[in-house]
Each structure stands twice: as structure tokens, then as C-alpha cells.
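Undergrad:
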Amino acid sequence: MTPLIFIELTAVIVSAIYGILLAVRKGMDVMGVFTVAFAVAFGGGTLRDLFLDRTPLFWIGNPHYPVIVFVISLLSGFLLGHLRRIRPLLPLPDALGMALFTLTGTAYASEAGTGAFVAVMLGVITGTFGGVLGDLLCNELPSLFVPSPLNATCGFAGAWLYLGLLHFSVPERYALGVGIVVIVALRLAAIRWNWSLPAVREKGGRDHSGT
Amino acid sequence: MTPLIFIELTAVIVSAIYGILLAVRKGMDVMGVFTVAFAVAFGGGTLRDLFLDRTPLFWIGNPHYPVIVFVISLLSGFLLGHLRRIRPLLPLPDALGMALFTLTGTAYASEAGTGAFVAVMLGVITGTFGGVLGDLLCNELPSLFVPSPLNATCGFAGAWLYLGLLHFSVPERYALGVGIVVIVALRLAAIRWNWSLPAVREKGGRDHSGT
Amino acid sequence: MTPLIFIELTAVIVSAIYGILLAVRKGMDVMGVFTVAFAVAFGGGTLRDLFLDRTPLFWIGNPHYPVIVFVISLLSGFLLGHLRRIRPLLPLPDALGMALFTLTGTAYASEAGTGAFVAVMLGVITGTFGGVLGDLLCNELPSLFVPSPLNATCGFAGAWLYLGLLHFSVPERYALGVGIVVIVALRLAAIRWNWSLPAVREKGGRDHSGT
Chain A
1 MTPLIFIELT AVIVSAIYGI LLAVRKGMDV MGVFTVAFAV AFGGGTLRDL
51 FLDRTPLFWI GNPHYPVIVF VISLLSGFLL GHLRRIRPLL PLPDALGMAL
101 FTLTGTAYAS EAGTGAFVAV MLGVITGTFG GVLGDLLCNE LPSLFVPSPL
151 NATCGFAGAW LYLGLLHFSV PERYALGVGI VVIVALRLAA IRWNWSLPAV
201 REKGGRDHSG T
Chain B
1 MTPLIFIELT AVIVSAIYGI LLAVRKGMDV MGVFTVAFAV AFGGGTLRDL
51 FLDRTPLFWI GNPHYPVIVF VISLLSGFLL GHLRRIRPLL PLPDALGMAL
101 FTLTGTAYAS EAGTGAFVAV MLGVITGTFG GVLGDLLCNE LPSLFVPSPL
151 NATCGFAGAW LYLGLLHFSV PERYALGVGI VVIVALRLAA IRWNWSLPAV
201 REKGGRDHSG T
Chain C
1 MTPLIFIELT AVIVSAIYGI LLAVRKGMDV MGVFTVAFAV AFGGGTLRDL
51 FLDRTPLFWI GNPHYPVIVF VISLLSGFLL GHLRRIRPLL PLPDALGMAL
101 FTLTGTAYAS EAGTGAFVAV MLGVITGTFG GVLGDLLCNE LPSLFVPSPL
151 NATCGFAGAW LYLGLLHFSV PERYALGVGI VVIVALRLAA IRWNWSLPAV
201 REKGGRDHSG T
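Chains as they are written, first to last, in my numbering: chain A, 1 to 211; chain B, 1 to 211; chain C, 1 to 211.
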């Protein structure tokens, strides 16, 4: 199993768990839970595959992926009882899934011959779109653009770091490892200490309340 | 005309009618009505064709489909006067469109050689995505995951039944017919008697209100 | 540079500026501003390329496009100070981007051999989807279907005019020029004088408030 395949499977599983936790909080039935888990686990990679014209889609070419997500969803009632104790750790599957998908997206795009900037963009889209879909399905405002958690920004930084390490001939598995650790650490730190980038403001004009 | 083509055309027409009824209720103009009808009629099949890499998209390869939806939309003011009497039957076009699209999606995916589980998932996506788009465009909360109408669940059951009948060598047109009747009946019964699946709850833990 | 390429680049830039103005109004940070600018500038054309199976996507095949949008986003704080004086002209980038994308979408679809009606539909989708995405990301109700600004309707009329001029052997650059001027003029006039199409109402029935 190559590192990318292993990372992808892990990303699917932790993203599905994150989706289940989102959906259960909303009181959904088992089919709703499965739908949200499916969307969070496969949404980002589906956009990536469509944008890069990769066929078949990764969850059609690996048909055990949706089966795994379905089984986890069926068992979610039982799993949740055990997950309760680790609930303070909840941001972890979200951050880990985002990191793993961001780097697989960057890697696949880069292999397909896109330029570095486009590869990073595809990585960020792959890493964040599942979460945006999950928020939409749960009727929450997408949290992507709320400044504090810096979701896309952490992925953006980690994807550049990964490409930079590859550029300096670091072996892929180390570049992936460093990228994952940095993205997850940045994201958890951003949540823990409530980091945010400043809002963009007009420079060189007096303040005035526009529309 | 093969059964699948006939079913697809019927699904487009009943979905467009359902979209028109959604849009008129919101006081939209004729272009808004057409847009919602277009999205409901073609949204699910478009995702299916993109996911399976079928080209051209079914409404580009059958360019009379969008023209039919446009003409129905232009006539919607007149049609509505006559539809008024059958308004209590409104859930029917919704349920029928969902059933027909679910089975065409399952059939196309199965023909394309996906496994059974992926074929059922593509059927459910094809059957439900148009309605989700219609809800979004009409600024309603998507009704897919509200437990009571069991929308995706009925399609999921019917798609497995259809594949099961094919597996036991039932001719396709009978398998399609049984699938359609079962999905529509399940869905109308779920609405009529307000069936729902239970919400997923944590097993083995005391109740506590977390966020 | 062919006229279509020049028009596409202009459409990307004015759409990005419109996206930046949307995002800044919401107090987003620079990554959020970039994301909205990216979605508004590339959303419609991405759908068009996916629907027509054009590969690579126009912003992957022209990798300087996303870089340009990124640079404009980074500079947005400074640009906004200078844009302040022309704020009463804000509807212009929106109308211009919509017009340019509508005509490129119609032209590409027509070149790909779709029928005229499908080409016009793809033009309207290309012209309007970016704005819908921008509204969604900024948590606004999509303005596409609010009757007053007639957004899709102006694009629909201009796309037919463009195809009609080509049909009567008008050279493409003149047909594009006339189409752009007409769409922008219609859209600005619709905003200025608050034009709207009437809501669709049931004909031949007494009024009654149903749900």
C-alpha cells in the first residue's frame, strides 16, 4: 500500500466520523447520518477528481470506501457511547481529515502536471469542501470563512510546505508526514488560542459605514 | 423507445412540474420558474453523468429535454389553473420523479460496471439531488434529512429491490415496474402516516445535553 | 489573442473584483476574500467546462488566472481605498462579468456542437453561477431569482441575440460586442429603474392562499 492510498483511507474514515458527529448532534436518523458522513468523506475528493478529470472517481474505483462509511454509520449509535469520553478531542478528526485530504489533493494535482499554485488550490478545495458540504447539510453557516479557525489558511500553508519539501528532494513519505503534522498542529493551535487573520479593511480612506 | 428512455423522459416532465409548483409558491417570475424546474429536472441526472463520466450529459445529448421544460414553464400560469383541483395529489410528482430517477441512476451505474452498493448510492443521489437543489433555490431548508418523509430511505430500499430482482433474472421492465411502484408507495405512505426512522442516539451513556 | 480569450481574462478580473467587494463587506480575512473571489471568478466557467467535458478546466489550463486572482485579493486592502470613489458604479463589474461569461459560455457550447437552446442555457449558467456561489459563501440569499434585477433574463436575451447575429453571418467580434453592450445595458437599466417580470400566477382560478 503506497503512502497516498493509506492516507486516503484514513482521511475517509476520520472524515466520516466527523460527519457522523455533526449529524447526530442534529438528531438525524441513520440514513441522514450516512448521507452527511458520505458527503464529508467524499465531497472534497469528488470535486478534485472531477476538476482533474480523474476517472473513475476515487470512491467508485475503490467501492469498499462507501461500504466502510455505511458500516461506520450503522454502528454510529454504539460508537458514540464510546466516543463520549474523548469528546474534548473532537477537533482532531476534523483537523486530521482536512490535513490528509489537502495533501492527497495537492499530490494528485501535482502528479497530473498542474502548476504549483493550482496544485495547492486543488489541495485546499479537496481538504475543505467536505466540511462545507457537511455544514450545509446540517443547516449550519459554513464555518470555512469564519476567521477564527483559519481552516483553509492552515491547509494552504501546509500544501506549500509539502511542495517545497518535495522540491528540495525530500522523499515523499517524509514530506507528507511533515505536512500532516504541521497542518494539524496549526489548526489545533488556531482553535485553542483563537488565532485569526485580520479582516481586510480599506487602506487610505476614512472609516465610514457602507452598505 | 427502450423502457429506460421512456422512464427518463417521464421523470424529467414530472420533476419539472414539481419544480414549477415549488417556484410559483415563492412568487417567482417565469425565468425563476424555469430555473427551478430546470434544476429539479436535471440536477440529479447531471451529477450522475458527471460521476460516471458519461458524455454528453443526458440533457445535452437529448436537447429536446430542456426545450420541453422551457415550454412547460412558459405555460405554467395556464397549467396551474388546471392543476389546482389536483393539488391534494401534489406529493405524487415528487415521489414519482424521485422513483424514476433513482432507478435510472441505479441502472446506468450498474451498466457502467460499478459494484451494487455504489450503483444504489448513485441511484439515490440521482433521485434526490434535484429536490435538494429545488429547496436551496427556493431558500427552503433541504427536506432530504428531515426524518419524517424518509425520502432517501425509500429510494435506497427500492434501488436494492430493483438490483435484487435483476439478480434473480427478472426481466428489466418488470424489475423497473416493481421498483417504481414500491418506491412511490413507500414514499406516499411515509408522508400519509408520518413514518420516520428514529434519530441516532448514543448507546450506553447517560443522557446529557452537549452542543 | 483571440477575442474570446481576451474577453475571458477580462471576465475573470472583473468577477474577482466583484467577489472581493462582496467578501470585504462581510469582514472576511484575506483568505476568505480570496476564496470568494476565486468562486465568483471561476464557478460559472468550471460548471461549463464540466458540463461540456472540456479538459483541462479553463483555470487549470491557464494557471496564471488563479495567480492573478490571488494577487488582486492580496492587494484588495489597497485597491479598496481607490475603489471607494467609484462605489456608486459597483453594479458595473457584476453586470460586465455576467455578460462576458454568458457569451463565452454560449460560444464554447455552440462550438462544441450543442443545439442553440442548450448553448444559451450553458451561457446563462456560466454567467450566473459564480454570483450564486458568491452569495452562498457570504451567507446571503441567492439574488438570482429575486425578480427585480432580472439577472438571468438579461443574459438569456443577450445570448440569443449573439447567436442570432452569428446566424446572419455577422463576424464574431461584432456579435460579441453587441451582445456585451446589450446585456450590460439591460442589466443596469433593470437595476436603475427597478424593472421586473411579473410573478407567475394561476390563470382561470379564483385567488386563494394555499400553502
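Beta carbons are placed, not taken as given, at the ideal position from N, Cα and C, and that holds for glycine.
1) Exposed or buried, Glu8 (chain A), counting other C-beta atoms within 10 Å across all chains shown (16 or more means buried)?
2) State the start and end residues of the unbroken alpha helix (DSSP H) segment that holds Arg54 (chain A).
3) From B:Ala37, B:Met31, B:Gly32, pick the residue whose C-alpha is nearest to that of Val14 (chain B); which is it?
4) Counting only the same chain and skipping the five closest in sequence on each side, list residues whose C-beta sits under 7 Å from that of Leu133 (chain C).
5) Is any beta-carbon of chain C found at less than 8 Å from that of Thr126 (chain B)?
6) Go ahead and pull the three-state DSSP assignment for Ala199 (chain B).
7) So, under 8 Å CB-CB, Ala99 (chain B) and Leu4 (chain B) are touching, yes? Tell me the CB distance rounded to an integer number of Å.
8) Mind pulling the chain B residues with CB within less than 8 Å of Val33 (chain A)?
9) With 8 Å as the threshold, decide whether the Cβ of Ile180 (chain B) is near any Cβ in chain C.
10) Could you say which of A:Val33, A:Val120, A:Val184, A:Ile68 lies nearest to Leu92 (chain A) if we only look at CA atoms?
11) Can you check whether the C-beta of Ser115 (chain C) is within less than 8 Å of a C-beta belonging to chain B?
12) Can you say whether Pro147 (chain B) is buried or exposed, counting buried as having 16 or more other CB atoms within 10 angstroms of its CB?
13) Should Val67 (chain A) be listed as close to the ligand GDP, given that the test is whether its C-beta is under 7 Å from any heavy atom?
14) First and last residue of the alpha helix (DSSP H) that includes Thr102 (chain B)?
15) What separation, rounded to the nearest whole angstrom, lies between the Cα atoms of Trp59 (chain A) and Gly105 (chain C)?
16) Measure from the C-beta of Val118 (chain C) to each C-beta in chain B and report whether the shortest distance is under 8 Å.
17) Alpha carbon to alpha carbon, what distance is there between Arg48 (chain B) and Phe6 (chain B)?
18) Around the C-beta of Phe78 (chain C), are 16 or more other C-beta atoms found within 10 angstroms, so that it is buried, or is it exposed?
19) Any C-beta of chain C sitting closer than 8 Å to the C-beta of Gly19 (chain B)?
20) Short of 8 Å in beta carbon distance, which residues of its chain neighbour Tyr174 (chain A), apart from the five on each side in sequence? Order them along the chain.
21) If contact means a Cβ-Cβ distance below 8 Å, which residues of the segment 152-169 of chain A contact chain C?
22) Take Leu163 (chain C) and list the residues in its own chain whose beta-carbon comes closer than 6 Å to its own, dropping the five residues that flank it on each side.
23) Between the C-alpha atoms of Leu96 (chain B) and Ala152 (chain B), what's the straight-line distance to the nearest angstrom?
24) Restricting to Cα atoms, I'd like to know which of A:Ser110, A:Thr55, A:Gly27, A:Gly32 is closest to Glu172 (chain A).
25) By the criterion of Cβ-Cβ separation under 9 Å, what are the contact partners of Asp29 (chain A) in chain B?
26) Could you name the residues that DSSP lists as bridge partners for Asp49 (chain C)?
27) Write down the C-beta distance between Gly179 (chain C) and Leu103 (chain C) rounded to the nearest angstrom, noting that I regard them as a contact closer than 8 Å.
28) Three or more C-beta pairs closer than 8 Å, one from the segment 154-163 of chain C and one from the segment 121-129 of chain C: is that the case here?
29) Over the uninterrupted alpha helix (DSSP H) stretch that includes Thr128 (chain A), give me the two end residues.
30) Would you say Ala11 (chain C) and Ile72 (chain C) are within 8 Å of each other, going by their C-beta atoms?
31) In chain order, what residues of the segment 44-58 of chain B put their CB closer than 7 Å to some CB of chain A?
32) Please state if the CB of Leu50 (chain A) and the CB of Leu57 (chain B) are separated by a distance shorter than 8 Å.
TA: Quick answer:
1) Counted from its first residue, the first sequence places residue 8 (chain A) at position 8. Buried: at least 16 other Cβ atoms inside 10 Å.
2) The count along the first sequence starts at 1 and reaches residue 54 (chain A) at position 54. Neither: Arg54 (chain A) is in no alpha helix (DSSP H) and is coded neither H nor E.
3) Residue 14 (chain B) sits at position 14 when you count from the first residue of the second sequence. Out of B:Ala37, B:Met31, B:Gly32, B:Ala37 has the C-alpha closest to the C-alpha of Val14 (chain B).
4) To locate residue 133 (chain C), count along the third sequence from 1; it is residue 133. For Leu133 (chain C), where only same-chain residues beyond five positions count, the Cβ hits under 7 Å are Ala39, Val40, Gly43.
5) The residue given as residue 126 (chain B) occupies position 126 in the second sequence. At a cut-off of 8 Å between C-beta atoms, Thr126 (chain B) does not count as an interface residue with respect to chain C.
6) Sequence index remark: in the second sequence, residue 199 (chain B) carries index 199 (1-based). Shown here, Ala199 (chain B) sits in a strand according to DSSP, grouped into three states.
7) Reading the second sequence from its first residue, position 99 is the one you call residue 99 (chain B). Reading the second sequence from its first residue, position 4 is the one you call residue 4 (chain B). Not a contact, Cβ separation roughly 14 Å.
8) Here residue 33 (chain A) corresponds to residue number 33 of the first sequence, with the count starting at 1. Ordered by position in chain B, the residues that pass the 8 Å Cβ test against Val33 (chain A) are Val200.
9) As a first step, residue 180 (chain B) must be located in the second sequence, where it is residue number 180. No - not a single Cβ of chain C is within 8 Å of the one on Ile180 (chain B).
10) If you number the first sequence from 1, residue 92 (chain A) lands on position 92. The option with the nearest alpha carbon to Leu92 (chain A) is A:Val184.
11) Position 115 of the third sequence, counting from 1, holds the residue named residue 115 (chain C). The question names Ser, yet the displayed sequence has Gly at residue 115 (chain C). So, interface residue.
12) Position 147 of the second sequence holds residue 147 (chain B). Its pLDDT being 46, under 50, Pro147 (chain B) is placed unreliably in this model, and the coordinates cannot settle the point.
13) Absence of the ligand GDP from the depicted structure is noted, as is the absence of any ligand whatsoever, leaving it without description.
14) Counting from 1 along the second sequence, the entry for residue 102 (chain B) is found at position 102. 91-111 is the extent of the alpha helix (DSSP H) around Thr102 (chain B).
15) Working through the first sequence from its first residue, we reach residue 59 (chain A) at position 59. Working through the third sequence from its first residue, we reach residue 105 (chain C) at position 105. Each residue's Cα considered, the two are about 30 Å apart.
16) For the purposes of this step, residue 118 (chain C) is taken as the residue at position 118 of the third sequence. Yes, its Cβ sits closer than 8 Å to a Cβ of chain B.
17) Translated into the one-based positions of the second sequence, residue 6 (chain B) becomes position 6. Translated into the one-based positions of the second sequence, residue 48 (chain B) becomes position 48. For Phe6 (chain B) and Arg48 (chain B), the gap between their C-alpha atoms comes out near 18 Å.
18) To locate residue 78 (chain C), count along the third sequence from 1; it is residue 78. Looking at its Cβ environment, which holds fewer than 16 other Cβ atoms inside 10 Å, Phe78 (chain C) is exposed.
19) Within the second sequence, residue 19 (chain B) is the residue found at index 19, counting from 1. Output row for Gly19 (chain B): interface = no.
20) For this step, residue 174 (chain A) is matched to residue 174 along the first sequence. Cβ within range, chain order: Leu165.
21) Ala152, Thr153, Phe156
22) In the third sequence, counting from the first residue as 1, residue 163 (chain C) sits at position 163. Once the five neighbours on either side are set aside, the close Cβ partners of Leu163 (chain C) are Ala116.
23) If you number the second sequence from 1, residue 96 (chain B) lands on position 96. If you number the second sequence from 1, residue 152 (chain B) lands on position 152. Roughly 13 Å between the two C-alpha positions.
24) Here residue 172 (chain A) corresponds to residue number 172 of the first sequence, with the count starting at 1. Closest in C-alpha terms to Glu172 (chain A), from the list A:Ser110, A:Thr55, A:Gly27, A:Gly32, comes A:Ser110.
25) In the first sequence, counting from the first residue as 1, residue 29 (chain A) sits at position 29. Residues of chain B passing the Cβ test: Phe145, Pro147, Leu150, Thr153, Ser196, Leu197, Pro198, Ala199, Val200.
26) As a working note, residue 49 (chain C) is residue 49 in the third sequence. Partner(s): none; Asp49 (chain C) has no beta bridge.
27) Against the third sequence, residue 179 (chain C) aligns to sequence position 179. Against the third sequence, residue 103 (chain C) aligns to sequence position 103. About 5 Å; that satisfies the 8 Å criterion.
28) Here the segment 154-163 of chain C makes contact with the segment 121-129 of chain C; the two share three or more CB pairs at distances below 8 Å.
29) The count along the first sequence starts at 1 and reaches residue 128 (chain A) at position 128. Taken as a continuous stretch (DSSP letters only), the alpha helix (DSSP H) holding Thr128 (chain A) covers 116-137.
30) Counting from 1 along the third sequence, the entry for residue 11 (chain C) is found at position 11. Counting from 1 along the third sequence, the entry for residue 72 (chain C) is found at position 72. Their beta carbons are not under 8 Å apart, which means Ala11 (chain C) does not touch Ile72 (chain C) by this criterion.
31) Leu50, Phe51, Asp53
32) Looking up residue 57 (chain B) in the second sequence gives position 57. Looking up residue 50 (chain A) in the first sequence gives position 50. Result no, Cβ atoms of Leu57 (chain B) and Leu50 (chain A) do not sit closer than 8 Å.
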